[in-house]
Amino acid sequence: MNLTLYVWRQKNASDKGKMERYDARDISSHMSFLEMLDVVNEDLTEKGIEPIAFDHDCREGICGMCSLMINGIAHGPEPGTTVCQLHMRHFKDGDSIYIEPWRARAFPVIKDLIVDRSAFERIQHAGGFISINTGGAPDANALPIAKKKADLAMDAAACIGCGACVASCPNASAMLFVSAKVTQFANLPQGRIEAAERVQKMVAQMDLEGFGNCTNHYECEAVCPKEINIRFIGQMNREFMKAKTGLG
Amino acid sequence: MTLDAKIPSGPLAEKWEKHKFEMKLVNPANKRKYSIIVVGSGLAGGSAAASLAELGYNVMCFCYQDSPRRAHSIAAQGGINASKNYQNDGDSTYRLFYDTIKGGDFRSREANVYRLAEVSANIIDQCVAQGVPFAREYGGLLDNRSFGGAQVSRTFYARGQTGQQLLLGAYSALCRQIGKGQVKMFNRAEMLDLVVVDGRTCGIVVRDMINGKVSSYAADAVVLATGGYSNVFYLSTMAKGCNVTAAYRAYKKGALFANPCYTQIHPTCIPVSGDYQSKLTLMSESLRNDGRIWVPKSADDKRAPGDIPEGDRDYYLERKYPSFGNLAPRDISSRSAKEACDEGRGVGETGLGVYLDFADAIGRLGENVIRERYGNLFHMYEKITGENPYKAPMRIYPALHYTMGGLWVDYNLESNLPGLFVLGEANFSDHGANRLGASALMQGLADGYFVAPYTMGNWLARAGVSEVKADHAEFKKAETDVTGRTKKLLAINGKRTVDSFHRELGLIMWENCGMARNEAGLKKALEQIPKLREEFWQNVLVPGENEELNQSLERAGRVADYLEFGEVVCQDALTRTESCGGHFREESQTKEGEAMRDDKHFTHVSAWEFKGVGKAPELHKEQLKFENVELATRSYK
Amino acid sequence: MTTTATKTIPAGIAGQSSYSSIWKKILMAVTGISFMGFVAGHMIGNLQLFQGQEKLNDYAELLHHLGGLLWIVRGTLLIFLAIHVWTGIRLYFQNWSARPISYKRQESIETGLTSKTMIWSGLGILLYVVYHLLHFTFVVTNPEYAGLTDAAGRLDVYSMVILGFQNYLISGVYIVAMLALAFHINHALPSFFQTLGLNRPSVRPWLKRLGTLAALLFFFGYCSMPAAVLLNIIKLPGGGN
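Quick look at the structure:
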């Protein structure tokens, strides 16, 4: 199939950037979206045009590196799928495809479709952990944890930190990401000890980074490749209230 | 050069305890005087960086991704082994040790493997304390499963995302230390050279991948935890960015590269669909518990799988290995698939695939049971191929998956270059010629949490604070070399893209040094690779500039290293004329076509020393001594 | 390439420093739900219009005799209103500035019309409330109502309402305002539960329906009054116009 791509090109952080039009010729429906871009890039390189820069790594939907806004939807039209797992069979011959980087004040563009997501890192540095040193941990089975609780923690922990929640949120809010981390620990007994401190620190850092506020659109959940549930945002709010009021 | 593995004396089970006591310690007040560089932030690197920082050392950690959490350890699905014996099914440190030695086809060090088994239980404790949400039973205790044909249930898991969860655990420990300022984290930073002054490893040279700036970092010790080199085959299950560059630059600076020919091929991957294929996707081996593998009996049979009657199908694994059938080990299963395809009986558009059929299992157990067991894998398969595996059989093909070879290290995980430590997949130490399922995660974390923090102290206490700073002439020289090389790559301005070279190299490697190897093929590869390398340096087209984020340039540097490293792999495969583990030499097989080890001549580690580009590396041997286990032959008939 | 432990963004940029994003959510939820209580009570009270002049004017009289309590309620509502409006406007600007460069193309999968338009439906309601107070409470817009009393000498709210709604313009504005109210509530009520962490997957579809149900109830409840007046179902006392 043949496609027309409209791709955001921006030389570096200080460049203004603009959309450019490219043709993608002879695309196989078996290709992944990123393989389609590989083919376009090979073609551009041979023509002496600088290839399109985009983040990617594992290409099996788990590292969270790939991050494209495709036709206005984070990670493209397939629900529960990262860009690298999106295949061209979901597009038709002659389609026009808009490809843009994540857009948020807290995620400045580095080049073309690559953005700087270090804000997420700093939120984690602020408190996304349980404070224990290596060695000296008690036997793993010394602390039984109800399966239901452990499963809930796992549901939250499945987050891959790609930033699609921020990219898709009309407010560029990072609440789904932060809540996934906060509640993974809050739902486990070993994480309860620091729960109050953790939620306050992580939320404070989130606010400092310049993300927007959550106004319950739930767009984040709809595009999340790991389908993280917005119930975790609710739980985080509760954790936050408990922490601030000392009722936790 | 004599290779001293520095294995402590004494009975196997007491070596590590004894060694821990004998090692020198760094006074707590003095730890802050030492700085350590950790390259790589996966399970091994992340856990090492965090643990060393917890001890009080100043750590600098580097990764090429935009976050340490994205290291490819994240993609491991199945689980992590530990000899906890929670299931009361007879597991023990010794059994895990024995299984690992045997699985590695008796090509690993007893002492290292025993220590690995010994600390495996601590890993689970550590991870649970960090908040890793392992699967649990209704009673609240940890769940286990049997994995990769093991006779005991010792595998801990977190859904199909165990690697992710363990990595996030290590990353959370790392975050804590970054937050405290004890670890300085460098993301989007690629190590491009190692600096050695007067025989001591002093630091690294790094390119900032955002602005191209090349800088030097000096430290009292350097830890490489940079993963494996499967991407020398271009197509593999590794992440696109995984590379051998850091390890290879260390090799060029004198570190020995051990057993590079030991590569593991995983039998259940989704087949290649076309030339554009950029990587391969693994599906858990557990699929073989219920799926039956077959190809048409006749090469001319081009009917749809559903139209081929039972009588015209060849369930070749069940036929050749009646007792193990579809559960035959990874290497056997992979090789048999290749044989079937070589005979022209492969299926799918490319003819490079075999069927993995669930029709019988669905008939026997019902679709719901199969959905419960493999739902996520079936879903993944359908997402990638667009075919419904409940209706038509899956197509699978083997793919490069893991590399057991790596930089040579002694018992302390220190390479032959003093002050250079190598952890995880990047070293060669624990898996011998073949790795068991669910052992990669175990090794990475064992090295990072429980081995390196001890042995590092011993080294620092003995070596003292390094006098060499980042403005030393050797650093300047290395920076000049790195910059010169980058300039050279950009200046060639040829006709072929970097990827086209990488694909061609991959094909040479896969054809001649893949699942089955022979002398003629390896010699052919050793002729082709230098030619390709020569063409690369004359005709590669690397667009853009150095002073910007330039993904073509990053790849070009890595491929340039692969074009040299591929030769080392082939050289090692050529020299090892026996078959063992993941290395199958066609000349060394039984009448039935089974791998035949040659314990008389090859019970050693082959460690290669760099002698110059295009020159044959020099072989050093470390004899493996088996004092506790008896060398046995595998049989899966 | 270095990720340092903390990066201090000047407080002015996002304006987030004074109180946290979650506090803002909670403030919106708590003040919002109190308005909903008020709007419900107000509607039930007003619907006494259908029970005739006597009943409604009785009710109005009762309210006026609450004295101190009335002022406490009015004061609280006013403070809540100030908080709700101020926070809402801040939220709007902060969220707007959290994405300085907008997408060339952006689709919504889950984001609904009512959730996207909260600021506008909210401002619409605010404008209406101001007008409404001027109209009935302060009797500024229609001073001719000032002296209206019923047979018992009480303030004749009943007639004021009917006279008002007989004006097409006033009824039209009223209906538009109630539409804004319905929009606002459709998103606000389920959001209240979510914000306070009282949402979970099993009840989520019900909460969504509850929001829509409340929105419809308020819309039709309130609009039944101008409709009844305009359709001549409810007439001025004595049948006169």
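Residue numbers (the numbering used here), protein chains in the order written: chain A, 2 to 249; chain B, 4 to 640; chain C, 154 to 394. We treat Cβ as the ideally placed atom computed from N, Cα and C, and that holds for glycine.
Option in the options with minimal Cα separation from residue i
i, options, result
"A/Glu-21", "A/Phe-34, A/Glu-36, A/Val-41 and A/Asp-27", "A/Val-41"
"B/Arg-588", "B/Asn-549, B/Asn-515, B/Asn-631 and B/Leu-544", "B/Asn-515"
"B/Arg-465", "B/Lys-618, B/Asp-7, B/Gly-547 and B/Asn-33", "B/Asn-33"
"A/Ala-157", "A/Ser-97, A/Ser-180, A/Asp-140 and A/Glu-122", "A/Ser-180"
"B/Thr-240", "A/Lys-48, A/Arg-60 and A/Leu-4", "A/Arg-60"
"B/Val-412", "B/Cys-64, B/Leu-423 and B/Phe-381", "B/Leu-423"
"C/Leu-255", "A/Thr-216, A/Ala-223, A/Val-84 and A/Asn-172", "It should be noted that the sequence gives Ser, not Leu, for residue 255 of chain C. When only C-alpha atoms are compared, the closest one is A/Asn-172."
"B/Ser-111", "B/Lys-21, B/Pro-456 and B/Gly-584", "B/Gly-584"
"B/Tyr-37", "B/Glu-621, B/Ala-576, B/Leu-195 and B/Val-225", "B/Val-225"
"B/Asn-452", "A/Gly-136, A/Ala-159, A/Met-242 and A/Asn-230", "A quick correction: the sequence has Tyr, not Asn, at residue 452 of chain B. Nearest option by C-alpha distance: A/Gly-136."
"C/Leu-370", "C/Phe-336, C/Trp-176 and C/Tyr-284", "C/Phe-336"
"B/Phe-150", "B/Ser-287, B/Ala-635 and B/Thr-578", "B/Ser-287"
"B/Ile-207", "B/Gly-328, B/Asp-363, B/Ser-86 and B/Val-471", "B/Val-471"
"B/Ala-402", "B/Cys-272, B/Leu-448, B/Asp-484 and B/Ser-301", "B/Cys-272"
"B/His-269", "B/Lys-614, B/Asp-317, B/Ala-340 and B/Gly-435", "B/Ala-340"
"B/Ala-221", "B/Ile-213, B/Asp-196, B/Leu-238 and B/Ala-242", "B/Asp-196"
Own chain, CB closer than 8 angstroms to residue i, minus 5 neighbours either side, in chain order
i, result
"A/Thr-46", "Pro-52"
"B/Val-350", "Val-298, Pro-299, Pro-308, Gly-356, Val-357, Tyr-358 and Arg-398"
"B/Ile-495", "Trp-540, Gln-541, Asn-542, Val-543, Leu-544 and Val-545"
"C/Thr-161", "Below a pLDDT of 50, predicted positions are generally treated as unreliable, and C/Thr-161, at 43, falls in that range; the measurement from the model is reported next regardless. Once the five neighbours on either side are set aside, C/Thr-161 has no close Cβ partner at all."
"A/Leu-144", "Pro-190 and Gln-191"
Neighbourhood of residue i by C-beta, 7 angstroms cutoff - its chain only, sequence neighbours within 5 removed
i, result
"C/Ser-173", "none"
"A/Asp-16", "none"
"C/Trp-239", "none"
"C/Gly-392", "Low confidence applies here, because C/Gly-392 scores a pLDDT of 49, under 50, leaving its location unreliable and the question unanswered by this model."
"B/Gly-13", "Lys-21"
"A/Thr-216", "Asn-172"
"A/Glu-220", "Ser-169, Cys-170 and Pro-171"
"B/Asn-88", "Asp-94 and Ser-95"
Contacting residues, own chain, Cβ-Cβ under 6 angstroms from residue i (five flanking each side not counted)
i, result
"A/Glu-228", "Gly-81"
"B/Arg-1", "Because chain B spans 4 through 640 in this model, residue 1 of chain B falls outside it and cannot be assessed."
"B/Phe-229", "Contrary to the premise, residue 229 of chain B reads as Thr rather than Phe in this sequence. Correct list, in chain order: Val-42, Gly-43, Ala-249, Ala-250 and Ala-429."
"C/Phe-395", "There is simply no residue 395 of chain C to check, as chain C begins at 154 and stops at 394 in what is shown."
"B/Met-4", "His-623"
"C/Ala-367", "Ile-338 and Leu-342"
"C/Gly-165", "Residue placement at C/Gly-165 is flagged as unreliable, the pLDDT there being 40, under the threshold of 50; the coordinate-derived value follows with that caveat. None."
"B/Phe-2", "Since the first residue shown for chain B is 4 and the last is 640, residue 2 of chain B is missing from the structure and cannot be characterised."
Interface flag, residue i vs chain F, CB-CB below 8 angstroms
i, result
"B/Leu-552", "No chain F is present in this structure, whose protein chains are A, B and C."
Contact residues within the region 261-278 of chain C, judged by C-beta distance below 9 angstroms to chain A: Those residues of the region 261-278 of chain C placed with their C-beta closer than 9 angstroms to a C-beta in chain A are Ser-261, Ile-262, Glu-263, Thr-264, Gly-265, Ser-268, Lys-269 and Met-271, ordered along the chain.
Any alpha helix (DSSP H) of 4 or more consecutive residues that is wholly inside the region 207-253 of chain C: Entirely contained in the region 207-253 of chain C, the alpha helix (DSSP H) runs reaching 4 residues are, in chain order, 221-250.
Interface residues of the region 221-249 of chain C facing chain A [CB-CB below 7 angstroms]: Here the close residues are Leu-244, Gln-247 and Asn-248.
Under 8 angstroms (Cβ pairs) to chain A, residues found in the region 174-206 of chain B: Listed by position, the residues of the region 174-206 of chain B near chain A (Cβ gap below 8 angstroms) are Tyr-174, Ser-175, Ala-176, Cys-178, Arg-179, Ile-181, Gly-182, Met-188 and Asn-190.
Residues of the region 86-107 of chain A with Cβ closer than 8 angstroms to any Cβ of chain C, in chain order: Listed by position along the chain: Tyr-99, Glu-101, Arg-104, Ala-105, Arg-106 and Ala-107.
Interface residues of the region 263-296 of chain B facing chain A [CB-CB below 8 angstroms]: Residues of the region 263-296 of chain B with a Cβ closer than 8 angstroms to any Cβ of chain A, in chain order: Ser-276, Gly-277, Tyr-279, Gln-280, Ser-281, Lys-282, Thr-284 and Leu-285.
Every unbroken beta strand (DSSP E) within the region 394-448 of chain B, with a cutoff of 3 residues, ordered by chain: For the region 394-448 of chain B, whole beta strand (DSSP E) runs of length 3 or above, ordered along the chain, are 397-406 and 423-425.
Three-pair Cβ contact test at 8 angstroms for the region 594-603 of chain B versus the region 282-297 of chain B: No: fewer than three Cβ pairs fall under 8 angstroms.
Contact between the region 139-154 of chain A and the region 227-244 of chain C (3+ Cβ pairs under 8 angstroms): The region 139-154 of chain A makes no contact with the region 227-244 of chain C; the number of CB pairs closer than 8 angstroms stays below 3.
Segment contact flag, the region 50-60 of chain B with the region 165-177 of chain B, C-beta cutoff 8 angstroms, min 3 pairs: Touching, yes.
Stretch pair the region 257-266 of chain B + the region 313-331 of chain B: three plus CB contacts closer than 8 angstroms: The region 257-266 of chain B makes no contact with the region 313-331 of chain B, as fewer than three CB pairs between them are under 8 angstroms.
Contact residues within the region 172-186 of chain A, judged by C-beta distance below 9 angstroms to chain C: Those would be Asn-172, Ala-173, Ser-174 and Met-176, in chain order.
Three CB pairs or more closer than 8 angstroms across the region 383-399 of chain B and the region 499-509 of chain B: At 8 angstroms Cβ cutoff, the stretches do not touch.
Residues from the region 183-215 of chain A in contact with chain C, defined by Cβ distance under 8 angstroms: Going along the region 183-215 of chain A in chain order, one finds Val-204, Ala-205, Gln-206, Met-207, Asp-208, Leu-209, Glu-210, Gly-211, Phe-212, Gly-213, Asn-214 and Cys-215 with a Cβ nearer than 8 angstroms to chain C.
Cβ pair count under 8 angstroms reaching 3, the region 469-488 of chain B against the region 142-157 of chain B: These segments do not touch.
Three or more C-beta pairs below 8 angstroms linking the region 203-212 of chain A and the region 310-325 of chain C: No, because fewer than three Cβ pairs between the region 203-212 of chain A and the region 310-325 of chain C fall closer than 8 angstroms, the two stretches do not touch.
Near-chain C residues of the region 220-244 of chain A (beta-carbon distance less than 9 angstroms), N- to C-terminal order: Flagged, chain order: Glu-220, Cys-221, Glu-222, Ala-223, Val-224, Asn-230, Ile-231, Arg-232, Ile-234, Gly-235, Gln-236, Met-237, Asn-238, Arg-239, Glu-240, Phe-241 and Met-242.
Segment contact flag, the region 556-569 of chain B with the region 412-421 of chain B, C-beta cutoff 8 angstroms, min 3 pairs: A contact is defined here as three or more CB-CB pairs under 8 angstroms, and the region 556-569 of chain B fails this definition with respect to the region 412-421 of chain B.
Contacting positions in the region 239-251 of chain B - beta carbon closer than 7 angstroms to chain A: Closer than 7 angstroms at the C-beta level to chain A, one finds these residues of the region 239-251 of chain B: Ala-242, Lys-243 and Gly-244.
Length at least 4, wholly inside the region 31-93 of chain A: the alpha helix (DSSP H) runs in chain order: Complete alpha helix (DSSP H) runs here, min 4: 34-47.
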